[in-house]
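To start, the structure itself, in structure tokens.
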Amino acid sequence: MDFTAPTADWTAFDPDRDLPPLRARLAALEAAEGVTQVHFRVTEEILAHPGARRVPPVRHAGRVHGAALSPCGRYLAVGTSIEVPEGAWDAEYEDGGVLHVFELATGGRVGGITEPGALRGGIGWTDYPGAIRWSADSARLGLAYDTNMVGVWDAFSGDDEPLGAADTTYGGSSPPPFALAPDGRAAFIGVSAGEEHAVPGCLVPLADGEISWYPHEAPPRPAEGEPRLMSAVFGPAFEDSADDLFLDVEYVAGWSRDGTRVHIVDRRHLFAVDIATGLPLWIHEHGSGYVWWDEGAPPAAFSPDGARVAWYTGDRLFIADAATGGITAEFDREEAAVLVWGRDRLAVLGAEGIRIIDGDAETVRMPVAARIGRGMASDIVPLAWSPDGTRFAVVTGQGDVEVWDLDGAGEPAARFGAPADAVGLHWGDTLAVLGNERLGFRTPEGATVREVDLRDQPAAWSVGGRHAWPAHWEED
105 MDFTAPTADW TAFDPDRDLP PLRARLAALE AAEGVTQVHF RVTEEILAHP GARRVPPVRH
165 AGRVHGAALS PCGRYLAVGT SIEVPEGAWD AEYEDGGVLH VFELATGGRV GGITEPGALR
225 GGIGWTDYPG AIRWSADSAR LGLAYDTNMV GVWDAFSGDD EPLGAADTTY GGSSPPPFAL
285 APDGRAAFIG VSAGEEHAVP GCLVPLADGE ISWYPHEAPP RPAEGEPRLM SAVFGPAFED
345 SADDLFLDVE YVAGWSRDGT RVHIVDRRHL FAVDIATGLP LWIHEHGSGY VWWDEGAPPA
405 AFSPDGARVA WYTGDRLFIA DAATGGITAE FDREEAAVLV WGRDRLAVLG AEGIRIIDGD
465 AETVRMPVAA RIGRGMASDI VPLAWSPDGT RFAVVTGQGD VEVWDLDGAG EPAARFGAPA
525 DAVGLHWGDT LAVLGNERLG FRTPEGATVR EVDLRDQPAA WSVGGRHAWP AHWEED
């Protein structure tokens with residue numbers, strides 16, 4: 105149906121089906137003729153739709169402390185923390201941070217958490233990795249906020265209240281490492297359970313209000329639906345080495361896609377935990393002494409599907425099956441500093457270039473130096489793979505963005521400018537170039553989709569919860 109026609113039947117309008125092509129058609133009309141009466145008339149109908157919602161304007165001075173691309177590749181969540189003027193700690197802390205949810209196709213805001221006080225203390229912490237986590241269906245968002253809380257929100261409802269939240273740290277002074285379960289209804293949270301406890305973590309439901317629960321008060325047999333600690337013992341698989349093992353939780357990389365295990369990095373190890381039993385399934389040593397406040401990316405990375413893991417030691421680089429821990433490939437580490445998985449391949453970033461590993465072999469070396477060591481959080485990295493895994497984009501040491509085709513020659517397929525403070529990339533429906541205060545949306549060829557000042561966001565329109573509609577198409 106042609107919804108630009110004056111006689112269009114708007115009772116048949118379905119935002120998911122009809123809005124994207126309608127928006128594209130009107131954008132082409134604007135490029136040719138400017139904003140017309142057709143834009144005004146269609147926008148009046150769009151904003152009368154029961155699914156249309158005004159996303160309020162936001163002015164906020166906090167810096168970005170986390171960003172996460174939705175699994176569907178259509179949305180980017182960006183979270184800010186607080187900037188505290190001298191003598192104003194209490195007021196700034198209470199007002200808290202802001203969460204923005206952007207549609208990558210347009211760069212428009214479609215949701216977020218913006219009400220002052222809804223995210224007390226802001227999101228995440230300086231250099232803290234993984235402060236924002238999506239559910240597998242791209243419907244819910246888990247956040248670390250208010251210094252030591254973990255909560256989950258509906259990503260698109262516009263509701264500032266969490267569906268569930270948990271305090272498990274007994275007054276901890278920094279965010280607990282966590283990862284949202286695939287269904288978005290629970291989280292694995294790293295906790296201090298005592299040196300005698302093998303796996304220092306717990307499984308906490310996040311579906312019904314706020315709970316306070318502390319490991320030292322945990323009953324030995326919790327009721328169904330209550331928080332529970334992971335195993336106090338290492339189990340028979342590690343009986344010969346248990347006396348020499350001590351695990352902590354610095355970074356929870358995520359869950360397996362089927363929700364049966366969780367993947368963890370600590371100061372000396374990476375390991376997987378069986379959610380049903382709480383027992384470690386496998387343990388490898390990286391020995392780097394990694395701590396999340398070290399301003400560096402974790403020394404291990406799990407593939408997006410949770411099937412593979414890569415890590416480096418002092419002189420070696422390993423790839424293993426994430427279900428069994430069995431090593432499938434081994435390489436010289438050389439200068440590996442950041443590991444970034446695509447759909448099928450691994451990018452190994454160093455000071456002088458990028459190595460591409462496909463399966464059990466290194467296939468390509470790219471002579472491009474990425475901007476390493478200027479991150480806002482240790483998991484915001486200067487490289488992103490295309491959704492199909494055949495290209496990658498990288499923020500170079502000079503501050504440009506280059507797009508490389510693995511099937512191409514020794515030159516980038518595209519090169520274009522980026523925000524001056526650019527440090528991170530995400531690639532979904534478009535490329536998102538992320539800085540401390542600015543966000544740029546680009547096509548892979550470098551054309552600008554939208555430039556965003558994260559400190560000053562005007563009002564926007566969201567339709568059906570998930571589609572941006574240009575505010576300037578509304579008649580004054």
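Read left to right, the sequence shown gives residues 105 to 580 (the numbering used here). Ideal Cβ placement from N, Cα and C applies to all residues, glycine included.
Per DSSP, I460 is one residue of the beta strand (DSSP E) stretching across 458 to 462. Fewer than three Cβ pairs drawn from the region 242 to 251 and the region 408 to 420 lie within less than 8 Å of each other, which leaves the two stretches out of contact. Secondary structure note for F406: its beta strand (DSSP E) is the uninterrupted segment 404 to 406. Around the Cβ of M253, a 10 Å sphere holds 16 or more other Cβ atoms; the residue is buried. Of the residues assessed, M334 falls on the buried side of the cut-off, its CB having 16 or more other CB atoms within 10 angstroms.
A distance of 7 Å or more separates the beta carbons of D241 and G268. Put simply, the region 142 to 159 does not touch the region 540 to 560. Fewer than three CB pairs are less than 8 Å apart. Secondary structure in the region 228 to 287: the beta strand (DSSP E) runs of 3 residues or longer, each lying completely within the stretch, are 236 to 238, 244 to 249, 253 to 258, 268 to 271, 282 to 284 in chain order. Taking C-alpha positions only, E196 is separated from V295 by approximately 28 Å.
Taking the CA atoms as reference points, Q561 sits about 17 Å from F260. In summary, S174 is buried, with 16 or more beta-carbon neighbours lying within 10 Å of its beta-carbon over all protein chains present. Taking a contact as a CB-CB distance under 8 Å, the pair R449 and E434 does not count as one, their CB atoms being some 17 Å apart.
In terms of Cα proximity to R570, the closest of G276, R213, D370 is R213. Taking C-beta atoms as the reference points, D370 and E389 fail to come closer than 7 Å. Boundaries cannot be given for I379, as no alpha helix (DSSP H) includes it and DSSP labels it neither H nor E.
By the neighbour-count definition (other C-beta atoms within 10 Å, threshold 16), A341 is an exposed residue. In the structure shown, Q502 falls within a coil segment according to DSSP collapsed to helix, strand and coil. The DSSP-derived three-state label of R437 is coil. Here T218 is near P160, since their CB atoms are less than 7 Å apart. Secondary structure note for V413: its beta strand (DSSP E) is the uninterrupted segment 412 to 416.
From the listed residues V527, V202, P119, Y232, the smallest Cα separation to G221 is found for V202. Boundaries of the beta strand (DSSP E) around L543: 542 to 546.
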